[in-house]
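See below:
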């Protein structure tokens, strides 16, 4: 089972840095002290050999015998020197320890150049005495290793102390740098924890991205923008759905309540049931249309429809409203069929709010035209000869719940309620759009739909 660490990111990063720096400092300290020990050992050997060579330079060979010179007072020298010839010492220091003298004798006739005397902290170096190609003896010089050991110990303690000081300084610096670097993360965490579902417009807002964390904050801000847009989209969808379902449900409720108030004749019940049936059909078409819009938004399978036939069906559905208002609706059908890549019910639900709006505000005539646009799509235009739309309300008519007025102040104008907002939403869900084009008179709505 995987064990998850309980330490924070900053602590884990600090531990990782400290371990890495400690390993590097330890390796550097060990390497430095090893090199220093080798150098000090070599210096001690060189010093002993140099003293032995100096002593060798004052010796003389007479008749095959080694004779000591008179140039040095051995007792006054700080480095003890032995001169061995013929198996005996012809010169020796008077203050040397017995174990060091025994080690010097053994080294003189062993053939080895260097030997350390355990317990005496002394290093001995031997230089052979050679005359006419024959070895006559050896000069052995000794040097105390105590100063070198002291230097090595001092260097070791100093390097360990320096490494500890550097490690402490690095830990403090890294802790401060990590705290500064992760401060935006702590702020983002606190902000995100404090936000609620009503804070749709709050963002991390760390400024222009300049490093990985600020780029992450900018990416999350863009993600929050998309989520907020999606949530507003769903809220708008709920409002549009309730708007579309409220009217037929209210009619059904009113009709049934009226029919149940008192006993009625069979014909009256039949008429009430016909009203209920019509409104139920309207509810069914509305739900089917919204389901089709959801399928389009989800990228599921789509069908096609004849734009001219759907426009004619929509005009027929709005004929009662047009007749009540005394408005004539004309359809400019194309010679060749225009097929759109949208379901017929969805196209009808896109066009119907536009036609109902035109019937409500047109004086006498509405013209519905079909054509192709420059990109190969299908365009359906709805023109009326009504009072038009004021410039102050051009940007608001597609907002959910907007209710405007005509320029003269009488009556509701285009954009009342949620009909136009729903029409645009359905069109955009199908990959098209609904726009308002400026005209010399009346209002001109254009529906853009993808071709099949």
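In this note's numbering, the protein residues as written are 1134 to 1585. Built from N, CA and C at the ideal position, the CB exists for glycine as well.
Quick one: give me the first and last residue of the beta strand (DSSP E) that residue i is part of.
i	result
residue 1262	1255-1264
residue 1215	1214-1218
residue 1332	Counting along the chain, residue 1332 falls outside any beta strand (DSSP E), and DSSP gives it neither H nor E.
residue 1499	1498-1505
Let's test the definition: count the other Cβ atoms within 10 Å of the Cβ of residue i and tell me whether it reaches 16, buried, or not, exposed.
i	result
residue 1524	exposed
residue 1471	buried
residue 1541	Confidence in residue 1541 is poor, its pLDDT being 35 and thus under 50, which makes the residue's placement too unreliable to answer from.
residue 1359	exposed
residue 1195	exposed
residue 1547	Caution is warranted here: a pLDDT of 38 is assigned to residue 1547, below 50, making its placement in the model unreliable, and no coordinate value can be reported.
residue 1529	exposed
residue 1352	exposed
residue 1443	buried
residue 1341	exposed
residue 1237	buried
residue 1494	buried
residue 1522	buried
residue 1266	exposed
residue 1221	exposed
residue 1396	exposed
residue 1419	buried
residue 1394	exposed
residue 1390	exposed
Just tell me which of the options has its CA closest to the CA of residue i.
i	options	result
residue 1556	1575, 1502 and 1488	1488
residue 1193	1515, 1176 and 1218	1218
residue 1224	1239, 1245, 1199 and 1510	1199
residue 1191	1169, 1167, 1216 and 1168	1216
residue 1465	1451, 1455, 1480 and 1440	1440
residue 1463	1479, 1228, 1273 and 1498	1498
residue 1424	1146, 1482 and 1213	1482
residue 1474	1303, 1436 and 1197	1436
For the alpha helix (DSSP H) holding residue i, just list the boundary residues, first then last.
i	result
residue 1514	Counting along the chain, residue 1514 falls outside any alpha helix (DSSP H), though it belongs to the beta strand (DSSP E) covering 1511-1517.
residue 1093	The first residue shown for the chain is 1134 and the last is 1585, placing residue 1093 beyond what the model contains.
residue 1185	1142-1189
residue 1344	No alpha helix (DSSP H) holds residue 1344; DSSP gives it neither H nor E.
residue 1245	Premise fails: residue 1245 is in no alpha helix (DSSP H) and is neither H nor E.
From residue i to residue j, what does the alpha carbon distance come to, in whole angstroms?
i	j	result
residue 1502	residue 1477	17 Å
residue 1321	residue 1350	8 Å
residue 1295	residue 1279	24 Å
residue 1241	residue 1150	55 Å
residue 1567	residue 1561	8 Å
residue 1157	residue 1171	21 Å
residue 1292	residue 1281	16 Å
residue 1283	residue 1311	41 Å
residue 1176	residue 1270	25 Å
residue 1275	residue 1287	23 Å
residue 1491	residue 1458	10 Å
residue 1575	residue 1461	15 Å
residue 1315	residue 1581	49 Å
residue 1345	residue 1319	15 Å
residue 1571	residue 1402	49 Å
residue 1532	residue 1554	6 Å
message: For the structure I just gave you, are there three or more beta carbon pairs, one from the stretch 1243-1256 and one from the stretch 1176-1184, closer than 8 Å?
response: yes
- prompt: Looking at C-beta atoms only, is the number of pairs between the stretch 1409-1416 and the stretch 1379-1399 that lie closer than 8 Å three or more?
  reply: yes
message: Measuring CB atoms only, is the stretch 1508-1515 touching the stretch 1569-1585, in the sense that at least three cross pairs come out at less than 8 Å?
response: yes
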